[in-house]
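Asker: Pasting a structure here, questions to come.
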Amino acid sequence: MKPDLPVLGRFARVGRGAAWCAAVFVLWVAMAPWSAHAAEGKDAKPAAEAADKKADGELPPLPADKTIKQSVRVGGRTVSYEATVGTIPVRDAKGKKIAEVVYTSYVVPGSDPHRPVTFAFNGGPGASSVYLNMGAIGPKRIQFGVDGDAPSDAAVTKDNPNTWLDMSDLVFIDPVGTGFSRSLEDEEHTKKDFYATEADIKYLSRVVYDWLVKHGRLRAPKYVMGESYGGYRAPRIAYELQTRMGVGVNGLVMVSPYLDPAAIGDGDALSPLPWMINLPSMTAARLESQGKLTPTAMADVETYVRTQFVTDFLAGRSDPGAIGRMVQKVSAYTGLDPQVVSRLDGRVDIGTYLREVHRSDKKIGSVYDSNVTAFDPFPGSAERQSGDPILEALLAPTTSAMVDFVTREVGWKTDAHYEALSYEVNKAWDRGNADDKPVADLRKAIGNDPNMKVLIVHGYNDLSCPFFTSRLIIDQMPTFGQAQRVKLSVYPGGHMFYSRPGSAESFKADAAALYSATR
């Protein structure tokens, strides 16, 4: 089954097994040595003027880096900072510029070498970094990802009370093909060099290195943050920085991460893992709708999927009572009609759940937060024929807000289109093998550096990257300081739990503890 929806840095695969969460993007096939160098020239003319002087078919130059001064109220005080939109070229082994990566940074002026810097990536593949930027940790935010959001909502940003700028400088990176970042190669070479798993890790790691060199920040504490497919990237970039770029990473933050593609895939009909991973998030949505969602309440279903569920699943028809027990328990946990669950032999896929749990209201739940709904445009259809309620509601306001900020506020003028979500990148992506490289690189990165700490965070209701995947992964990790160094936090909400003020506040508190412990 193929993934179908690239969202805010993730992929939703809502079929039989589980969701593919791709959190900030791009998987690469092994690539030749990369180098990304600082953008040349400070006097580049606006793209619209330069375009007239270019030969047919040649892209007009992007503007020079542009910086403005802004401030934000956070924690009862005013934080003044410099907002920059800039570019870092990517070069091939011969030094030819083959791409331009655009970043947005927020830096508090000063010469403190101990001030941290955090590099943030979303997923997709095909998502820009606008979602972490203007939804989670940037100094300005726009509301999205909750019930009631609409594409026509005003694209007006407000101060983000839960920004991380008071504890770290922030650099949001848009991979090639997203935001305003672009390849300068033809389609074939672009796909090979940028739209594949291994290549992605290598060139983005070099972009991080070159930003640090360009801005004189190699002495700073460094953090890598990734959401969804960005959570696939984060541990792999950290390991690449450690072992290839020569840059140590103090901490990792993985938001709703896509950590183990092999575990959540549905290619193996004998594996109970996809069903184990999904059921707790379905249960959390039901408990929340009843006002009963607590860690204590969730402990019951988490214990069940580790024990009796696995036994009954593997017993199958060899135990006459096994499927009946599964149907009874799964119906009770999810709130679905026992007849529906019985037809599925106790194995409730995500697509069926999202439709059936809201069928009486003729609504559809979102794979990113199943309690966020939209009216079903085709309630009489046997199969769902509409997009995701969260994904389709947030594209317009986030795109408009980001473009307004870049072009009007910062004054970085370009007539290029801003790709908040690129379906073209998503379609072209070479996903390689479904393996556990993120988990393997996470183990190696923290094994290499006894001072590195990791924070993994999820929303209870997320079915695109369910929290229970990370719970199982952490429980299987070696014991070399893992309990003190790798923390999992789960908050009310879904894939973008940070759209809820209470969850965003708790997330920042957990991150602050991580930063304090690693500086």
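Here the sequence shown stands for residues 0 to 518, numbered as in numbering that gives the first Met the number 0.
Cβ atoms here follow ideal geometry from the backbone N, Cα and C, with glycine treated the same way.
Output the boundary residues of the beta strand (DSSP E) element that contains Leu258.
Answerer: Here residue 258 is taken as the residue at index 259 of the sequence shown, counted from 1. Neither: Leu258 is in no beta strand (DSSP E) and is coded neither H nor E.
Asker: Please state whether the Cβ-Cβ distance between Val309 and Pro271 is less than 8 Å.
Answerer: Start at 1 with the first residue of the sequence shown, and residue 309 comes out as number 310. Start at 1 with the first residue of the sequence shown, and residue 271 comes out as number 272. For Val309 and Pro271, yes; Cβs fall inside 8 Å.
Asker: Around the C-beta of Pro337, are 16 or more other C-beta atoms found within 10 angstroms, so that it is buried, or is it exposed?
Answerer: By one-based count along the sequence shown, residue 337 stands at place 338. Flag for Pro337 reads exposed.
Asker: Which one of Asn370, Asp209, Ile363 and Asp387 has the shortest CA to CA distance from Gly379?
Answerer: Here the question's residue 379 lines up with position 380 in the sequence shown. Among Asn370, Asp209, Ile363 and Asp387, the Cα nearest to that of Gly379 belongs to Ile363.
Asker: What would DSSP say about Glu382, mapped onto helix, strand or coil?
Answerer: On the sequence shown, residue 382 is found 383 positions in, with the first residue counted as 1. The answer is coil: DSSP assigns Glu382 none of H, G, I, E or B.
Asker: List the endpoints of the continuous alpha helix (DSSP H) containing Pro491.
Answerer: For the purposes of this step, residue 491 is taken as the residue at position 492 of the sequence shown. Counting along the chain, Pro491 falls outside any alpha helix (DSSP H), and DSSP gives it neither H nor E.
Asker: Looking at the secondary structure, which residues open and close the alpha helix (DSSP H) in which Val555 lies?
Answerer: Outside the shown range of the chain (0 to 518) lies residue 555, about which nothing can therefore be said.
Asker: Taking 6 Å as the limit between beta carbons, can you name the residues of its chain near Met275, skipping five residues before and five after?
Answerer: For the purposes of this step, residue 275 is identified with residue 276 of the sequence shown, where counting begins at 1. Once the five neighbours on either side are set aside, the close Cβ partners of Met275 are Val304.
Asker: Tell me the residue span of the alpha helix (DSSP H) that contains Met275.
Answerer: What you label residue 275 is simply residue 276 of the sequence shown in a count that begins at 1. Its alpha helix (DSSP H) spans residues Leu272 to Ser288.
Asker: Going by DSSP, what residue range makes up the alpha helix (DSSP H) through Lys191?
Answerer: Here residue 191 corresponds to residue number 192 of the sequence shown, with the count starting at 1. Start and end: Glu186 to Phe193.
Asker: Quick one, are the C-beta atoms of Leu164 and Val71 less than 8 Å apart?
Answerer: Locating residue 164 in the sequence shown gives position 165, where the first residue counts as 1. Locating residue 71 in the sequence shown gives position 72, where the first residue counts as 1. Taking 8 Å as the Cβ cut-off, Leu164 and Val71 qualify as a contacting pair.
Asker: Leaving out five residues before and five after Ala261 in sequence, what residues of the same chain have Cβ atoms less than 7 Å from its Cβ?
Answerer: Within the sequence shown, the letter at position 262 stands for residue 261. Excluding residues within five positions, the ones whose Cβ falls inside 7 Å are Ala433, Asp434 and Asp435.
Asker: Beta-carbon within less than 6 Å of Asp158's beta-carbon, same chain only, minus the 5 sequence neighbours each way: which residues are those?
Answerer: Counting from one through the sequence shown, the residue named residue 158 turns up at place 159. Answer for Asp158: Val71 and Arg72, listed in chain order.
Asker: Which residues in the same chain have their Cβ closer than 7 Å to the Cβ of Ala296, if we skip the five residues on either side of it in sequence?
Answerer: What you label residue 296 is simply residue 297 of the sequence shown in a count that begins at 1. Counting only Cβ-Cβ distances below 7 Å, and skipping sequence neighbours, we find Leu286.
Asker: State whether the region 161-178 contacts the region 193-210, with contact taken as three or more CB pairs (one from each stretch) at a distance under 8 Å.
Answerer: The region 161-178 vs the region 193-210: in contact.
Asker: DSSP on Ala415, reduced to helix/strand/coil?
Answerer: If you number the sequence shown from 1, residue 415 lands on position 416. In this structure, Ala415 counts as coil in the three-state DSSP scheme.
Asker: Based on the DSSP secondary-structure assignment, which residues constitute the bridge partners of Ile136?
Answerer: Reading the sequence shown from its first residue, position 137 is the one you call residue 136. Paired residues: none, contrary to the question.
Asker: If you drop the 5 nearest sequence neighbours on each side, which residues of the same chain put their C-beta closer than 8 Å to that of Ser502?
Answerer: Position 503 of the sequence shown, counted from the first residue, corresponds to residue 502. If we look at Ser502 and ignore the five residues flanking it on each side, its Cβ neighbours are Gly458, Tyr490, Pro491, Gly492 and Phe496.
Asker: Taking the C-alpha atoms as reference points, what is the distance between Leu513 and Phe171?
Answerer: Start at 1 with the first residue of the sequence shown, and residue 513 comes out as number 514. Start at 1 with the first residue of the sequence shown, and residue 171 comes out as number 172. Their Cα atoms are separated by approximately 20 Å.
Asker: For the pair the region 138-156 and the region 56-68, tell me if three or more CB-CB distances fall below 8 Å.
Answerer: Segments in contact, no.
Asker: So Gly350 and Arg383 are in contact, right, with Cβ under 8 Å, and what is the actual spacing, rounded?
Answerer: Taking the first residue of the sequence shown as position 1, residue 350 is located at position 351. Taking the first residue of the sequence shown as position 1, residue 383 is located at position 384. Gly350 to Arg383, Cβ: 7 Å. Contact.
Asker: For the beta strand (DSSP E) that contains Ile363, what are its first and last residues?
Answerer: Taking the first residue of the sequence shown as 1, we reach residue 363 at position 364. Taken as a continuous stretch (DSSP letters only), the beta strand (DSSP E) holding Ile363 covers Lys362 to Gly364.
Asker: Does the ligand SAM have even one heavy atom less than 7 Å from the beta-carbon of Lys452?
Answerer: Questions concerning the ligand SAM fall outside what the structure shown contains, since it holds no ligand whatsoever.
Asker: For Ala283, collect the residues of the same chain with a Cβ closer than 7 Å to its Cβ; drop the 5 residues on either side in sequence, then sort them by chain order.
Answerer: Locating residue 283 in the sequence shown gives position 284, where the first residue counts as 1. If we look at Ala283 and ignore the five residues flanking it on each side, its Cβ neighbours are Leu292, Met297, Tyr459 and Asn460.
Asker: Would Pro256 pass as a contact of Ala444 if the rule is Cβ separation under 8 Å?
Answerer: Counting from 1 along the sequence shown, the entry for residue 256 is found at position 257. Counting from 1 along the sequence shown, the entry for residue 444 is found at position 445. No, Cβ-Cβ distance for Pro256 and Ala444 is not below 8 Å.
Asker: Starting from the Cα of Lys201, find the closest Cα among Gln142, Val89 and Gly94 and give me that residue.
Answerer: Residue numbering aside, residue 201 sits at position 202 when the sequence shown is read from its first letter. The option with the nearest alpha carbon to Lys201 is Val89.
Asker: Relative to the C-alpha of His416, which candidate in Ser180, Val254, Asn425 and Met244 has its C-alpha closest?
Answerer: Locating residue 416 in the sequence shown gives position 417, counting from the first residue. With distances taken between Cα atoms, His416 lies closest to Ser180.
Asker: Near Glu39, what residues of its chain come up, given a Cβ to Cβ distance below 6 Å and the 5 sequence neighbours on each side ignored?
Answerer: Your numbering for residue 39 matches position 40 in the sequence shown. Confidence in Glu39 is poor, its pLDDT being 36 and thus under 50, which makes the residue's placement unreliable; the coordinate value appears in the next sentence. Nothing listed; no residue qualifies.
Asker: How many Å lie between Ala31 and Arg205 at the Cα?
Answerer: Position 32 of the sequence shown, counting from 1, holds the residue named residue 31. Position 206 of the sequence shown, counting from 1, holds the residue named residue 205. Residue placement at Ala31 is poorly supported in this model, since its pLDDT is 31, which falls under 50; the coordinates are not used for a value here.
Asker: Quick check: the Cα distance between Gln483 and Pro500, rounded to an integer number of angstroms?
Answerer: Counted from its first residue, the sequence shown places residue 483 at position 484. Counted from its first residue, the sequence shown places residue 500 at position 501. Taking the straight line from one Cα to the other gives about 27 Å.
Asker: On the three-state DSSP scale, how would you describe Ser104?
Answerer: Position 105 of the sequence shown, counting from 1, holds the residue named residue 104. It is a strand residue.
Asker: Do Val453 and Gly250 come within 8 Å of each other at the CB atom, strictly closer than that value?
Answerer: Within the sequence shown, residue 250 is the residue found at index 251, counting from 1. Within the sequence shown, residue 453 is the residue found at index 454, counting from 1. Yes, Cβ-Cβ distance for Gly250 and Val453 is below 8 Å.
Asker: Do you know how far the Cα of Asp387 is from the Cα of Ala82?
Answerer: Counted from its first residue, the sequence shown places residue 82 at position 83. Counted from its first residue, the sequence shown places residue 387 at position 388. C-alpha separation (whole angstroms): 33 Å.
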